[in-house]
Every structure is written in structure tokens, then in C-alpha cells.
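Take the position in the sequence shown, starting the count at 1, then add 124; the result is the number in this note's numbering. Inspection log for the structure reproduced underneath, given as C-alpha cells.
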Amino acid sequence: MSLSRHEQFFLVITTYNRADYLGGLLDSVAALNPAPDGVIVVDNASTDTTAAVIETARAQFPVPLIHHLLAENSGGAGGFSAGVERALAQGAQWIWLMDDDVTCVPGAIGAFAPWMDKYDALVGRRYDAAGEPFYWQNNFSTFLGFPLPVRGDVFATSDEFATNVGCFEGMLLHKDAVAAVGLPDPRFFLTWDDTTYGWLISLDRPVVYVNEFVLHKARAQRQIDLGIRHLNDSSDLGRFYVMRNRGLLGQYLRLHGRFNPVGFALGTALTAAKEVVRLLAVEKSLRGSGRLVAGWRESRQILAATDFKPMPALKKVTIR
Numbered sequence: 125m126s127l128s129r130h131e132q133f134f135l136v137i138t139t140y141n142r143a144d145y146l147g148g149l150l151d152s153v154a155a156l157n158p159a160p161d162g163v164i165v166v167d168n169a170s171t172d173t174t175a176a177v178i179e180t181a182r183a184q185f186p187v188p189l190i191h192h193l194l195a196e197n198s199g200g201a202g203g204f205s206a207g208v209e210r211a212l213a214q215g216a217q218w219i220w221l222m223d224d225d226v227t228c229v230p231g232a233i234g235a236f237a238p239w240m241d242k243y244d245a246l247v248g249r250r251y252d253a254a255g256e257p258f259y260w261q262n263n264f265s266t267f268l269g270f271p272l273p274v275r276g277d278v279f280a281t282s283d284e285f286a287t288n289v290g291c292f293e294g295m296l297l298h299k300d301a302v303a304a305v306g307l308p309d310p311r312f313f314l315t316w317d318d319t320t321y322g323w324l325i326s327l328d329r330p331v332v333y334v335n336e337f338v339l340h341k342a343r344a345q346r347q348i349d350l351g352i353r354h355l356n357d358s359s360d361l362g363r364f365y366v367m368r369n370r371g372l373l374g375q376y377l378r379l380h381g382r383f384n385p386v387g388f389a390l391g392t393a394l395t396a397a398k399e400v401v402r403l404l405a406v407e408k409s410l411r412g413s414g415r416l417v418a419g420w421r422e423s424r425q426i427l428a429a430t431d432f433k434p435m436p437a438l439k440k441v442t443i444r
């Protein structure tokens with residue numbers, strides 16, 4: 125089936141027990157102009173009213189709305205992996221990924237359009253819950269296995285900025301980019317999954333951050349402005365996985381010949397330090413630091429494994 129470059133644009137939303145936020149997001153999706161060709165909501169075995177919210181929205185939704193229910197909570201990483209796979213099976217050419225606690229800017233799809241003719245992996249800008257620009261722009265250092273913030277205005281001379289990381293809160297992917305590196309790796313559960321995925325894509329083709337605001341953060345979070353980036357609050361689950369998943373990240377670096385033991389150890393120390401700063405400066409407490417230690421211990425076990433295999437590339441995408 126031959127498609128023009130702008131056809132079969134799907135949204136993949138991953139949700140877990142945030143029915144109220146999901147309802148607001150679906151309202152904003154319904155108002156998108158131009159509209160997508162389909163929307164897939166990956167429900168991570170929610171126990172609240174998520175199913176009812178989706179059914180209510182479907183009754184008057186302007187495009188097909190698919191409720192993809194998982195048997196258990198597989199985290200953001202597992203949800204996006206399942207959602208991308210389902211989108212490809214539905215015939216998606218473009219897949220726009222997002223969490224459940226954002227809303228879409230009405231003209232977002234049209235804003236992406238100029239870059240869809242040039243690139244296969246795009247990340248748009250987003251506003252925080254207060255309506256202020258939220259910035260995260262960084263480049264991934266393979267020596268450290270750590271994303272380093274980019275100073276200054278990355279759009280000072282151009283409306284596009286080449287990066288080598290991803291962000292599943294708003295990343296837009298062409299099916300060719302997915303086919304080249306495979307589905308997002310569900311083993312991450314959450315944290316480091318999008319950074320790793322964007323880096324893997326960047327080894328094969330450009331990843332570009334574009335000067336278009338496409339999302340609003342709907343869920344207010346405690347945050348501080350560090351001058352070179354914003355730092356949000358986290359959770360004990362996030363603290364565990366941000367350290368634990370260093371093991372998975374290290375394995376991917378090793379597979380591509382980019383793993384430096386000394387640099388990676390320094391990057392792990394920087395990761396822990398950033399989380400301690402997050403605890404002290406944002407959450408005003410050191411409670412939860414034990415989860416950092418537990419995650420680090422598990423990361424060492426993952427990194428020591430000799431049988432690690434990456435997600436396989438998709439040699440053929442079946443469209444039905």
C-alpha cells in the first residue's frame with residue numbers, strides 16, 4: 125500500500141488510573157484540526173473509571189478510538205511498546221506518543237507538517253501546567269550514558285534542533301524509524317526508555333526537536349528552574365527505575381560499542397546526584413533515597429548479564 129507522506133497519522137496514549145486527566149486529553153484530541161486518522165488508548169489495567177471515560181468519548185469521537193486494554197500494568201515503556209505495535213497493525217504511518225496528563229494544542233498536527241516531509245523522528249515543544257514553556261533540551265553523552273542539557277536558546281538561529289534523545293511525552297515517529305530499531309523496550313517499565321529509544325533512532329536517522337508548541341502539561345507538578353532545564357518532582361517508583369534502568373541503558377551502549385566503564389560509572393553517579401537534588405530542592409526531603417540504592421543494586425545485576433538481547437528490528441510491518 126503506497127501512502128503519501130502525511131497519511132495515516134495515529135495518536136498513541138498510555139494511561140493508568142488517571143481517568144480525569146484522560147477525559148481532558150480526549151476532549152483536546154477531538155478538537156484537533158486537522159484531525160488524526162485514529163487514536164489508540166493503551167490502558168495499563170486501570171482500576172478507576174478509565175474504561176467508562178473511553179466509552180463515553182467514543183460515542184461522539186470524530187475519528188476511530190481504540191481501547192487497547194492490557195492484562196497488567198506494564199508501565200509507560202510497556203504501554204508505548206504495545207501501543208506502537210497496535211498502531212502499526214492498524215496501518216499507521218505516523219505515530220504521535222503522549223502520556224495521559226497532557227492536552228493537545230488544537231493545531232498541533234498541522235504544526236508538525238512541514239517537518240514530516242524531512243524527518244522521521246520529531247519532538248515538539250510543550251507548555252507546563254502554568255502555561256509557561258517547559259524545556260528539557262539536551263544531548264545524550266554516550267561516554268557518560270547521561271543526557272547533558274544544552275545551554276541557551278536552541279532555536280536562536282533555526283526552528284529545528286538536532287538531538288539524539290527521545291521524549292515519549294510528545295514524540296512523533298514515522299513507521300520507518302520504528303521498523304529500523306524495533307518497538308520501544310518494555311523492560312524499562314518507566315524512565316530511560318524514551319532517552320534510549322531516541323538515541324537508537326539517532327544512530328540510523330536524524331532526531332529533531334522543533335520550535336512548535338504541540339502539548340500542554342495538564343497535571344501540575346512541583347518543579348524548579350535550574351536555568352538550563354526544569355526539574356520536576358518524582359516518586360519512589362521513579363527513583364527506583366531511574367537507577368535500575370541504568371543497567372538496561374548500559375547494555376544497549378555495549379551492544380553498539382559505546383560503553384565506557386569509567387564514563388558510565390560517572391554518569392551513574394551524576395544520575396544519583398540529580399535525584400538527590402530533586403529530593404532536596406523539589407520535594408524538600410530525603411525520604412525515598414533508599415529506592416535509589418535499591419535500583420542501583422539491581423542495575424548492577426542487569427549490567428552483568430551476558431545474555432542480553434535488544435528489541436529486534438521490524439523487517440516487515442503488516443497492515444490490516
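All residues carry an ideal CB built from backbone N, CA and C; glycine is no exception. Computed from a prediction, not measured in an experiment: that's the story for all the values here.
Test item: CB-CB of residue i and residue j under 8 Å
| i | j | result |
| --- | --- | --- |
| Ala-216 | Lys-299 | yes |
| Leu-373 | Gly-290 | no |
| Asp-161 | Phe-133 | yes |
| Gly-419 | Phe-364 | yes |
| Gln-261 | Phe-285 | yes |
| Trp-239 | Val-386 | no |
| Thr-174 | Leu-146 | yes |
| Gly-200 | Asp-223 | yes |
| Ile-164 | Ala-211 | yes |
| Arg-250 | Glu-336 | no |
| Leu-410 | Leu-403 | yes |
| Leu-296 | Trp-220 | yes |
| Pro-271 | Phe-264 | yes |
Identity of the residues DSSP links to residue i by a beta bridge
| i | result |
| --- | --- |
| Leu-193 | Asp-167 |
| Asp-223 | Thr-138 |
| Arg-249 | Phe-337 |
| Gly-162 | Phe-134 |
| Val-332 | Leu-246 and Ala-286 |
Assigned secondary structure, residue i (DSSP; H/G/I helix, E/B strand, else coil)
| i | result |
| --- | --- |
| Ile-352 | Residue placement at Ile-352 is poorly supported in this model, since its pLDDT is 46, which falls under 50; the coordinates are not used for a value here. |
| Pro-273 | strand |
| Trp-239 | helix |
| Pro-257 | strand |
| Ala-175 | helix |
| Met-435 | coil |
| Val-289 | coil |
| Gly-265 | The residue asked about is misnamed: residue 265 is Ser in this sequence, not Gly. Of the three classes helix, strand and coil, the one that applies to Ser-265 here is strand, per DSSP. |
| Trp-218 | strand |
| Leu-146 | helix |
| Leu-127 | coil |
| Thr-430 | coil |
| Leu-394 | helix |
| Leu-296 | strand |
| Ala-181 | helix |
Of the listed residues the options, nearest to residue i (C-alpha basis)
| i | options | result |
| --- | --- | --- |
| Pro-110 | Phe-337, Glu-336 and Gly-322 | It is not possible to answer for residue 110, since the shown part of the chain is limited to 125 through 444. |
| Asp-317 | Tyr-259, Met-435, Thr-139 and Gly-391 | Met-435 |
| Val-338 | His-380, Val-305 and Cys-228 | Cys-228 |
| Asp-151 | Thr-315, Leu-272 and Val-177 | Val-177 |
| Ile-426 | Leu-404, His-380 and Tyr-376 | Tyr-376 |
| Gly-231 | Ala-155, Asp-277, His-380 and Phe-388 | Ala-155 |
| Ala-342 | Ala-254, Val-208, Leu-390 and Leu-361 | Ala-254 |
| Gly-203 | Thr-315, Ala-301 and Phe-267 | Thr-315 |
| Ser-359 | Ala-280, Arg-415 and Phe-313 | Arg-415 |
| Asn-288 | Leu-324, Asp-309, Arg-311 and Thr-180 | Leu-324 |
### Query
Do the stretch 181-200 and the stretch 154-170 meet, that is, are 3 or more Cβ pairs less than 8 Å apart?
yes
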